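Report on one structure; see the data block that follows.
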Amino acid sequence: MKKIKILPLLVLISSLTGCSKSSEDSLRIAATPTPHAELLYSLDNEAKSMGLKLKVLSVDDYRVPNRLLLDKQIEANYFQHEDFLKDECTRYQCEGKLIVLAKVHLEPMGLYSNKIRSLEELKNKKQLRIAVPVDKTNEQRALDLLRDCGLIAYKEASHIDATAKDVFGCGDNKVTIIEVAAPLLASSLPDVDAAVIPGNFAIATGLYPHKDSLCLEDIHTSKYTNVLVVRAEDMNDPRIQKLRQLFQSESVRDFFNAKYKGSFLLQ
Numbered sequence: 026m027k028k029i030k031i032l033p034l035l036v037l038i039s040s041l042t043g044c045s046k047s048s049e050d051s052l053r054i055a056a057t058p059t060p061h062a063e064l065l066y067s068l069d070n071e072a073k074s075m076g077l078k079l080k081v082l083s084v085d086d087y088r089v090p091n092r093l094l095l096d097k098q099i100e101a102n103y104f105q106h107e108d109f110l111k112d113e114c115t116r117y118q119c120e121g122k123l124i125v126l127a128k129v130h131l132e133p134m135g136l137y138s139n140k141i142r143s144l145e146e147l148k149n150k151k152q153l154r155i156a157v158p159v160d161k162t163n164e165q166r167a168l169d170l171l172r173d174c175g176l177i178a179y180k181e182a183s184h185i186d187a188t189a190k191d192v193f194g195c196g197d198n199k200v201t202i203i204e205v206a207a208p209l210l211a212s213s214l215p216d217v218d219a220a221v222i223p224g225n226f227a228i229a230t231g232l233y234p235h236k237d238s239l240c241l242e243d244i245h246t247s248k249y250t251n252v253l254v255v256r257a258e259d260m261n262d263p264r265i266q267k268l269r270q271l272f273q274s275e276s277v278r279d280f281f282n283a284k285y286k287g288s289f290l291l292q
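Residue numbers (this note's numbering): 26 to 292.
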């Protein structure tokens, strides 16, 4: 399996110029490193037995994979939930062009701190600085978690598309929300009282949701299942159908159970 590390979008696109067509049996997939790319690497042998060669592009930046898919630089991506996909398609005017091939797993978003040992201790602080993801859908998700943890309230009853300016601290607490790119949230912990971190980025830095978080979203009611996404026009491509079959195999469940032991909920 070919492993390619992706950094800036322009660098990647330029490096792929002139070779945008994938070979007949190969399929290029952009995925964030943990656990998405790790899962794909683990499926390499099974994919080969199905006559499919996976080329995994490891991506840290959420802005990259959907652009690559729209530009036909890859055949699939695996990193996002459906709300994020919907927001991206509104931004890029691509409604109906990118579709969900498979629902895979859910990564619980959690509240973490290097300085505070419990949620109650956090609530007792009068001045709080809390970092959240800067992208639209994950910021809303993070703010909902902070509300459910009893740390903030919304200024308006309707809080769709809420941002940092739409909330205030509960009780006597003054809460300042700091918007940070999702991959940098864990590294922001020394500079804030706490940070709301998506499960994949937490685990990538050694933070385990059920063990290390001060507060965790309910994974059994969350709507943020991570999905495998392809172009609608490619649905009849035999490689895409093989990819769907691959993600329906027991190997996917075995990977998550063995490596993450309940940290993620399979769909």
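Beta carbons: idealized from backbone N, C-alpha and C, even for Gly. Since the structure is predicted, the reported quantities are computational estimates derived from the model, not experimental observations.
Asked	Found
Distance between residue 215 and residue 115 (C-alpha atoms, nearest Å)	35 Å
Collapsed DSSP secondary structure at residue 121 in the structure displayed	coil
Boundaries (first-last residue) of the beta strand (DSSP E) holding residue 102	101-106
Straight-line gap, residue 53 to residue 102 (C-alpha atoms, nearest Å)	8 Å
Test item: CB-CB of residue 272 and residue 126 under 9 Å	yes
Expected contact under 8 Å - CB spacing of residue 62 and residue 137 to nearest Å	Rounded, the Cβ-Cβ distance is 22 Å, inconsistent with contact.
The region 203-213 / the region 225-245 touching (three or more Cβ pairs under 8 Å)	yes
Sequence-distant residues of its chain with Cβ nearer than 6 Å to residue 232 (five each side left out)	137
Whether residue 250 touches residue 95 by CB criterion (9 Å)	no
Inter-residue Cα distance where the pair is residue 201 and residue 258	45 Å
Whether residue 194 touches residue 168 by CB criterion (9 Å)	no
Residue 285 (DSSP reduced to helix, strand or coil)	helix
9 Å Cβ cutoff met for residue 65 and residue 84	no
Residue 59, buried or exposed, once every other Cβ within 10 Å from all chains shown has been counted against 16	buried
Own chain, CB closer than 7 Å to residue 219, minus 5 neighbours either side, in chain order	136, 137, 138, 141, 147, 155, 239
Assumed close pair residue 3, residue 171 - CB separation to whole angstroms, cut-off 8 Å	This structure cannot speak to residue 3, because the chain is shown only from 26 to 292.
Helix, strand or coil at residue 265 according to DSSP, with G and I counted as helix	helix
Span of the alpha helix (DSSP H) around residue 162	161-173
Whether residue 107 touches residue 252 by CB criterion (9 Å)	yes
Beta-ladder partner(s) of residue 135, from DSSP	222, 241
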